[in-house]
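*Asks:* Numbering (this note's numbering), first residue to last: 34 to 200.
We put the CB at the ideal spot given by N, CA and C, even for glycine.
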């Protein structure tokens with residue numbers, strides 16, 4: 034029944050974008066998503082793509098886009114996966130093909146163009162990071178008000194390259 038630890042949605046997404054956390058942040062998330070570790074067995078490549086994806090994903094999810102994306106997963110028989118990201122349990126994975134079905138080719142093509150990669154590469158990258166992003170904005174098991182999401186995704190869009198914000 035406490036008000037939390039003081040952070041808020043902006044701080045959660047800020048940590049995704051690499052701000053406010055000396056270790057972890059986007060680098061830690063990307064390392065976990067790509068399997069990269071101190072041995073450097075899988076550096077660059079998909080990790081760099083995931084870092085570049087955050088601003089594009091922030092833009093897609095802003096303005097009610099998150100609800101549309103979640104509805105797209107539900108409409109394509111992926112309710113359990115989408116619900117797991119919003120809920121407090123473990124996140125269920127999705128595939129690039131799942132993303133293609135739920136998001137649609139037009140939005141996926143926009144993301145791919147922003148990243149300079151193929152639609153398939155963009156879909157695979159979204160599949161890797163979307164569950165983490167949705168989970169991060171819903172730590173209490175439900176989505177916050179649209180106004181909070183809009184603000185947070187705007188920050189994600191601005192800071193998505195993993196560069197800590199100056200200030």
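Using the Cβ count rule (16 or more neighbours within 10 Å means buried), how would you classify residue 171?
*Replies:* Result: buried.
*Asks:* For residue 181, which option in 85, 88, 82 and 97 has the closest C-alpha, if you only look at C-alpha atoms?
*Replies:* It is 97.
*Asks:* Please state whether the Cβ-Cβ distance between residue 95 and residue 183 is less than 9 Å.
*Replies:* In this structure, residue 183 lies closer than 9 Å to residue 95 by Cβ.
*Asks:* Can residue 121 and residue 174 be called in contact, C-beta distance under 9 Å?
*Replies:* Yes, the Cβ-Cβ distance between residue 121 and residue 174 is below 9 Å.
*Asks:* Return helix, strand or coil for residue 138, following the three-state DSSP convention.
*Replies:* Residue state, collapsed to three classes: helix.
*Asks:* The alpha helix (DSSP H) spanning residue 32 covers which residue range?
*Replies:* A query on residue 32 cannot be resolved here, the shown segment of the chain reaching from 34 to 200 and no further.
*Asks:* By Cβ distance below 7 Å, which residues in the same chain neighbour residue 103 in space, the five residues on each side in sequence not counted?
*Replies:* Only 115 meet the Cβ criterion.
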